[in-house]
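Each protein sequence line maps, in turn, to chains W and D.
Note that my numbering has the first sequence beginning at 602, numbered continuously upward.
Note that my numbering has the second sequence beginning at 277, numbered continuously upward.
Beta carbons: idealized from backbone N, C-alpha and C, even for Gly.
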Amino acid sequence: MRAVAIAVFFWIALSASGGAEQEAREIGDARRGETIFRQCADCHQVGSDAKDRVGPHLNGIFGRKAAANDGFGYSDGIVRAANDGLVWDLRRLDAYLENPKALVSGTRMNFRGLAEPRDRADVLAYLRGFSDNPSDIPEAQPTARPREVELSPEILAIVGDAEYGEYLSSECTGCHQRDGGYDGIPSITQWSAEDFMIAMQAYKRKIRPHPVMQMMAGRLSDEEIAALAAYFGTIE
Amino acid sequence: MTLNRRNFLGVAAGTAAALSAPMVMGQGRPRVVVVGGGAGGATAARYLAKDSDGAIDVTLVEPTRSYYTCFFSNLYIGGFREIDSLAHSYGGLAASGVNVVHDWAVGIDRDARTVSLAGGGVLPYDRLILAPGIDFVDGSVPGWDVSAQNAMPHAYKGGSQTELLKAQIMAMPEGGLFAMVAPPNPYRCPPGPYERISMVAHLLKANNPTAKILLIDPKDKYSKQALFEEGWQNHYPGMIDRIGPDFGAANVEVNPVDMTVTIDGTVEKVDACNVIPAQKAGRICELAGITEGNWVPVSGHTMQSRLDENIHVLGDATNQGDMPKSGFSANSQAKVAAMAVRGALTGSRVFPAKFSNTCWSLIATDDGVKVGATYEATDEKIAKVDGFISQTGENPDLRRVTYEESIGWYAGITSDMFG
Ligand SMILES: Cc1cc2nc3c(=O)[nH]c(=O)nc-3n(C[C@H](O)[C@H](O)[C@H](O)COP(=O)(O)OP(=O)(O)OC[C@H]3O[C@@H](n4cnc5c(N)ncnc54)[C@H](O)[C@@H]3O)c2cc1C
Numbered sequence: 602m603r604a605v606a607i608a609v610f611f612w613i614a615l616s617a618s619g620g621a622e623q624e625a626r627e628i629g630d631a632r633r634g635e636t637i638f639r640q641c642a643d644c645h646q647v648g649s650d651a652k653d654r655v656g657p658h659l660n661g662i663f664g665r666k667a668a669a670n671d672g673f674g675y676s677d678g679i680v681r682a683a684n685d686g687l688v689w690d691l692r693r694l695d696a697y698l699e700n701p702k703a704l705v706s707g708t709r710m711n712f713r714g715l716a717e718p719r720d721r722a723d724v725l726a727y728l729r730g731f732s733d734n735p736s737d738i739p740e741a742q743p744t745a746r747p748r749e750v751e752l753s754p755e756i757l758a759i760v761g762d763a764e765y766g767e768y769l770s771s772e773c774t775g776c777h778q779r780d781g782g783y784d785g786i787p788s789i790t791q792w793s794a795e796d797f798m799i800a801m802q803a804y805k806r807k808i809r810p811h812p813v814m815q816m817m818a819g820r821l822s823d824e825e826i827a828a829l830a831a832y833f834g835t836i837e
Numbered sequence: 277m278t279l280n281r282r283n284f285l286g287v288a289a290g291t292a293a294a295l296s297a298p299m300v301m302g303q304g305r306p307r308v309v310v311v312g313g314g315a316g317g318a319t320a321a322r323y324l325a326k327d328s329d330g331a332i333d334v335t336l337v338e339p340t341r342s343y344y345t346c347f348f349s350n351l352y353i354g355g356f357r358e359i360d361s362l363a364h365s366y367g368g369l370a371a372s373g374v375n376v377v378h379d380w381a382v383g384i385d386r387d388a389r390t391v392s393l394a395g396g397g398v399l400p401y402d403r404l405i406l407a408p409g410i411d412f413v414d415g416s417v418p419g420w421d422v423s424a425q426n427a428m429p430h431a432y433k434g435g436s437q438t439e440l441l442k443a444q445i446m447a448m449p450e451g452g453l454f455a456m457v458a459p460p461n462p463y464r465c466p467p468g469p470y471e472r473i474s475m476v477a478h479l480l481k482a483n484n485p486t487a488k489i490l491l492i493d494p495k496d497k498y499s500k501q502a503l504f505e506e507g508w509q510n511h512y513p514g515m516i517d518r519i520g521p522d523f524g525a526a527n528v529e530v531n532p533v534d535m536t537v538t539i540d541g542t543v544e545k546v547d548a549c550n551v552i553p554a555q556k557a558g559r560i561c562e563l564a565g566i567t568e569g570n571w572v573p574v575s576g577h578t579m580q581s582r583l584d585e586n587i588h589v590l591g592d593a594t595n596q597g598d599m600p601k602s603g604f605s606a607n608s609q610a611k612v613a614a615m616a617v618r619g620a621l622t623g624s625r626v627f628p629a630k631f632s633n634t635c636w637s638l639i640a641t642d643d644g645v646k647v648g649a650t651y652e653a654t655d656e657k658i659a660k661v662d663g664f665i666s667q668t669g670e671n672p673d674l675r676r677v678t679y680e681e682s683i684g685w686y687a688g689i690t691s692d693m694f695g
């Protein structure tokens, strides 16, 4: 088991003040990750004979640009995210495994996600073994990584003020067409409130890479994001 | 929306012009007059009519029947857009209930709260929204005034001027010289002159590759400078010369009869010349007596004039703070103003003002860049909150997507403005 043999670490920041105290931790338990990966293995292969199947093979996934496996027919969603600059570092892979659609709208990866941080860490520790030169986890000197903020049930439970959302939406419709038309900028109508909130929160936290959207979402409060989700839920 | 009397009159007014306008008044509904049907005024009129659902009587005064956007007009010069694709009619506004009057506003009586029209009509208002865009400062480029705009076009208002400039560039002799006199700050669309230089270079590279471009710029630095300079180096090496103020660009004179430009005493013969003069608020603002210097000071919370709370001013005409003069900004400001006006006249809910702007520029085929920021209202001004800009050395895929995004933006924002 090659994967287990490699000791993999990452850092987490201990102090919110951004001080120098950091702790090295293993990404996870690659052996346990191998077992969890079985639910992925129907579509994704790893190892020396790995080929693209329903999903692309995952050798070398760490540090690879999204949609960069030539010859695989990726979804428009992944291609767009790649063009926005999505690179599969540890943080992005973790976010994607947690909820694929939060990171990439329109991904074809039909997987509900791994809710348990430990499960994700273990799968990633396993996959890490098939990436020779992961850009963000040098073997000798682990790179610092801030802990991912998770969407709490409280945030998801906020009931949005649709009237406020309608006013806020006028910022969106400077680019996104209210009638759902699409020519170069994605349609944002007819999304479920939850998908909408998750997407906006992912931009706000700079997990999704698009700079305009990071900026727009970055100054919206949780209530404002909920208000927008409520409003966009009301229009056809 | 069902067709009612108001819609019917709205459509009819579009054709019967000033005549029908005063007649729609007098039903006890609060009246809003919007002067200028461009990026700011069209958005404000549409949002007011749409969101008040008939509770406010909205009249738009705009002389032209088709609005040609300045945004993307450089892409027309570069050959990436047809001129017709930049034209927008007012049918969509009429359909949302706006009473469209094709006329010029020629006077504003702030005490009587009326707008007088060139055609003789007089429109009373409870609130007035002015969005007349820009006019040019007389004498800012010695030798040039609007009577010279056919020999040396500004192409800084949309439509025929843009077409004229392109025709003159196409008619340049082989290896000829194109010159641009760039404007001093502040002016509409900070990256506009430099995007134009890029598009002129693109056009010449394909049709007249030995031609040269002279950019005479009174400013030390300009918007997206590193991105443009990198792009010009990559796509148009040796073609573009920029003369800054350190080499006399602030001391320029033009002669539209001889087709010469004199830079700090040195005379250059030019084959086509784009003069973009210094700018000021559209003249109607001066007539209303609400300007200070060249622009109209406004409150960022509501876009109200600092001198008259019954007048809201939008877009390029304003001095508001940190936002650049752009179509995106005018559209964003219009929504804040529409909300504030509606709140004041009908008691609807009012939320804190939020603004944003993103300006895309095209440097060459599939090489798009962008700059953007978000803003909030403080008591002094509209203040920048956060921003970003494209980086030099970005990969070509990202640049292509940025360009494609701008096409989406154009479709989105024009439908947000004109319905
Ligand atoms: C070359 C170029 C490229 C540009 N590119 C971009 C871009 O990519 N993105 C962007 O966001 N912005 C861009 N802009 C800037 C944008 O065009 C302006 O900032 C925007 O149009 C300003 O909107 P406005 O409503 O203030 O004025 P305008 O859009 O100019 O509208 C003013 C309207 O008022 C009318 N009017 C004037 N006086 C009167 C009167 N007395 N009575 C009645 N009507 C009157 C005029 O006919 C006109 O229709 C560009 C500009 C130029 C020149």
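>> So arginine 820 of chain W contacts chain D; which residues on that side make the cut at Cβ distance below 7 Å?
In response: Locating residue 820 of chain W in the first sequence gives position 219, where the first residue counts as 1. Chain D residues near arginine 820 of chain W: Thr650, Val661 and Asp662.
>> Considering just the uninterrupted stretch of the beta strand (DSSP E) at glutamate 529 of chain D, what are its terminal residues?
In response: Here residue 529 of chain D refers to the residue found at position 253 when the second sequence is read from its first residue. Start and end: 528-531.
> Mind checking whether the beta-carbon of arginine 618 of chain D lies closer than 7 Å to any heavy atom of ligand 1?
Replying inline: Numbered from its first residue, the second sequence carries residue 618 of chain D at position 342. No; taking the cut-off as 7 Å, the Cβ of arginine 618 of chain D has no heavy atom of ligand 1 nearer than that.
>> If contacts are defined as beta-carbon pairs under 8 Å, then leucine 725 of chain W and isoleucine 628 of chain W qualify, I think. What distance do you get, rounded to the angstrom?
In response: If you number the first sequence from 1, residue 725 of chain W lands on position 124. If you number the first sequence from 1, residue 628 of chain W lands on position 27. The Cβ separation is near 6 Å, so the contact holds.
> Does the beta-carbon distance from alanine 683 of chain W to lysine 666 of chain W come in below 8 Å?
Replying inline: Walking along the first sequence from the start, residue 683 of chain W turns up at place 82. Walking along the first sequence from the start, residue 666 of chain W turns up at place 65. Yes, these two residues count as a Cβ contact at 8 Å.
>> Strictly under 8 Å for the Cβ-Cβ distance: is tyrosine 675 of chain W near chain D by that measure?
In response: Numbered from 1 along the first sequence, position 74 holds the residue referred to as residue 675 of chain W. Chain D contact via Cβ: absent.
> On the premise that proline 408 of chain D lies in contact with isoleucine 552 of chain D, defined as a C-beta separation below 8 Å, what is that separation, rounded to the nearest angstrom?
Replying inline: Taking the first residue of the second sequence as position 1, residue 552 of chain D is located at position 276. Taking the first residue of the second sequence as position 1, residue 408 of chain D is located at position 132. Isoleucine 552 of chain D to proline 408 of chain D, Cβ: 18 Å. No contact.
> Taking the alpha-carbon positions, what's the arginine 633 of chain W to alanine 613 of chain D distance?
Replying inline: Here residue 633 of chain W is taken as the residue at index 32 of the first sequence, counted from 1. Here residue 613 of chain D is taken as the residue at index 337 of the second sequence, counted from 1. Each residue's Cα considered, the two are about 59 Å apart.
> Which residue spans inside the stretch 576-624 of chain D form an unbroken alpha helix (DSSP H) run of at least 4?
Replying inline: 603-622
> So, using beta-carbon positions, are leucine 369 of chain D and glycine 695 of chain D closer together than 8 Å?
Replying inline: Sequence index remark: in the second sequence, residue 369 of chain D carries index 93 (1-based). Sequence index remark: in the second sequence, residue 695 of chain D carries index 419 (1-based). Their beta carbons are under 8 Å apart, which means leucine 369 of chain D touches glycine 695 of chain D by this criterion.
>> Distance check for glycine 415 of chain D and valine 311 of chain D, CA to CA, integer angstroms please.
In response: Counting from 1 along the second sequence, the entry for residue 311 of chain D is found at position 35. Counting from 1 along the second sequence, the entry for residue 415 of chain D is found at position 139. Going from the Cα of valine 311 of chain D to the Cα of glycine 415 of chain D covers about 27 Å.
> For asparagine 570 of chain D, which residues from the same chain have a beta carbon less than 6 Å from its beta carbon, with the 5 sequence-adjacent residues on both sides left out?
Replying inline: Here residue 570 of chain D corresponds to residue number 294 of the second sequence, with the count starting at 1. So the list reads Lys556, once near-sequence residues are dropped.
> Taking all protein chains shown into account, do 16 or more other C-beta atoms lie within 10 angstroms of the C-beta of glutamate 755 of chain W, making it buried, or fewer, making it exposed?
Replying inline: Position 154 of the first sequence holds residue 755 of chain W. Under this definition glutamate 755 of chain W is an exposed residue.
> What are the boundary residues of the alpha helix (DSSP H) that includes cysteine 549 of chain D?
Replying inline: As a first step, residue 549 of chain D is located in the second sequence; it is residue number 273 there, counting from the start. Not the alpha helix (DSSP H): cysteine 549 of chain D falls in the beta strand (DSSP E), residues 548-551.
> Tell me which same chain residues have a C-beta within less than 6 Å of the C-beta of methionine 817 of chain W, skipping the five on either side of it?
Replying inline: Residue numbering aside, residue 817 of chain W sits at position 216 when the first sequence is read from its first letter. Within the same chain, methionine 817 of chain W has no close Cβ partners at all.
> Is the CB-CB distance between proline 810 of chain W and glycine 686 of chain W below 8 Å?
Replying inline: Walking along the first sequence from the start, residue 810 of chain W turns up at place 209. Walking along the first sequence from the start, residue 686 of chain W turns up at place 85. Contact flag set, yes.
> Going by Cα to Cα distance, which pick from D:Val533, D:Gly524, D:Thr567 and D:Phe454 is closest to alanine 548 of chain D?
Replying inline: By one-based count along the second sequence, residue 548 of chain D stands at place 272. The shortest C-alpha separation from alanine 548 of chain D is found at D:Phe454.
> Whose C-beta lies closer than 7 Å to the C-beta of alanine 722 of chain W among residues of the same chain, with five residues either side of it excluded?
Replying inline: In the first sequence, counting from the first residue as 1, residue 722 of chain W sits at position 121. Here the set comprises Ile628 and Gly629.
> According to DSSP, which residues form a beta bridge with arginine 464 of chain D?
Replying inline: Here residue 464 of chain D corresponds to residue number 188 of the second sequence, with the count starting at 1. The partner list for arginine 464 of chain D (beta bridge, DSSP) reads D:Lys601.
> In this structure, does DSSP put leucine 715 of chain W in helix, strand or coil?
Replying inline: Translated into the one-based positions of the first sequence, residue 715 of chain W becomes position 114. Correct three-state label for leucine 715 of chain W: coil.
> Given a threshold of 16 other Cβ atoms within 10 Å of its Cβ, counted over all protein chains shown, does isoleucine 519 of chain D qualify as buried or as exposed?
Replying inline: Locating residue 519 of chain D in the second sequence gives position 243, counting from the first residue. It counts as buried.
> Hey, is aspartate 592 of chain D close to ligand 1, as in C-beta under 7 Å from one of its heavy atoms?
Replying inline: For the purposes of this step, residue 592 of chain D is identified with residue 316 of the second sequence, where counting begins at 1. Yes, Cβ of aspartate 592 of chain D sits closer than 7 Å to a heavy atom of ligand 1.
> Between which two residues does the beta strand (DSSP E) containing valine 647 of chain W stretch?
Replying inline: As a working note, residue 647 of chain W is residue 46 in the first sequence. No beta strand (DSSP E) holds valine 647 of chain W; DSSP gives it neither H nor E.
>> Considering only the alpha carbon of each residue, which of D:Asp642, D:Asp387, D:Leu393 and D:Ser637 lies closest to leucine 503 of chain D?
In response: Stepping through the second sequence from its first residue, residue 503 of chain D is reached at position 227. The shortest Cα separation from leucine 503 of chain D among D:Asp642, D:Asp387, D:Leu393 and D:Ser637 belongs to D:Ser637.
> Whose C-beta lies closer than 6 Å to the C-beta of proline 735 of chain W among residues of the same chain, with five residues either side of it excluded?
Replying inline: Along the first sequence, one-based indexing puts residue 735 of chain W at 134. With a pLDDT of only 47 at proline 735 of chain W, under the threshold of 50, the placement of this residue in the model should not be trusted, and no figure is reported.
> Listed in chain order, which residues of the stretch 667-680 of chain D have Cβ atoms closer than 7 Å to some Cβ of chain W?
Replying inline: Asp673, Leu674, Val677 and Glu680
>> Report the CB separation of glutamine 791 of chain W from glycine 782 of chain W in whole angstroms; it is logged as a contact under 8 Å.
In response: Position 190 of the first sequence, counted from the first residue, corresponds to residue 791 of chain W. Position 181 of the first sequence, counted from the first residue, corresponds to residue 782 of chain W. In fact, because the Cβ distance is near 12 Å, the residues do not count as touching under 8 Å.
> Quick one: does lysine 630 of chain D have its CB under 8 Å from some CB of chain W?
Replying inline: Here residue 630 of chain D is taken as the residue at index 354 of the second sequence, counted from 1. At least one chain W Cβ lies under 8 Å of lysine 630 of chain D.
> Can you give the Cα-Cα distance for asparagine 483 of chain D and glutamate 439 of chain D, rounded to whole angstroms?
Replying inline: As a working mapping, residue 483 of chain D is identified with position 207 in the second sequence. As a working mapping, residue 439 of chain D is identified with position 163 in the second sequence. Cα-Cα distance, rounded: 17 Å.
> Under a three-way DSSP split, which group does serine 361 of chain D fall into?
Replying inline: The count along the second sequence starts at 1 and reaches residue 361 of chain D at position 85. DSSP places serine 361 of chain D in helix when its eight states are reduced to three.
> Run through DSSP, which three-state label would glutamine 802 of chain W get?
Replying inline: One-based indexing of the first sequence puts residue 802 of chain W at position 201. Glutamine 802 of chain W falls in the helix class under three-state DSSP.
>> Helix, strand or coil, according to DSSP, for alanine 745 of chain W in the structure here?
In response: Numbered from 1 along the first sequence, position 144 holds the residue referred to as residue 745 of chain W. Summary for alanine 745 of chain W: the model assigns pLDDT 27, below 50, so the residue's position carries little reliability; its value from the coordinates is reported in the next sentence. Residue state, collapsed to three classes: strand.
> Taking Cβ-Cβ distances below 9 Å as the criterion, which residues of the stretch 780-796 of chain W are in contact with chain D?
Replying inline: Asp780, Gly782, Tyr783, Asp784, Gly785, Ile786 and Pro787: these are the residues of the stretch 780-796 of chain W whose beta carbon lies less than 9 Å from some beta carbon of chain D, given in chain order.
> Taking 8 Å as the CB-CB limit, is aspartate 329 of chain D close to chain W?
Replying inline: Position 53 of the second sequence, counted from the first residue, corresponds to residue 329 of chain D. For aspartate 329 of chain D, the answer is no, since every Cβ of chain W falls outside 8 Å of its Cβ.
>> Would you say serine 736 of chain W lies against chain D (beta-carbon separation less than 8 Å)?
In response: In the first sequence, residue 736 of chain W corresponds to position 135, counting from 1. For serine 736 of chain W, the predicted structure reports a pLDDT of 45, less than 50, and the residue's modelled location is therefore unreliable. A value from the coordinates is still provided. By this cut-off, serine 736 of chain W is not an interface position.
>> Below 9 Å on C-beta distance, what does proline 812 of chain W contact in chain D?
In response: Taking the first residue of the first sequence as 1, we reach residue 812 of chain W at position 211. Those are Lys646, Gly648, Phe664, Ile665 and Ser666, listed as they occur along chain D.
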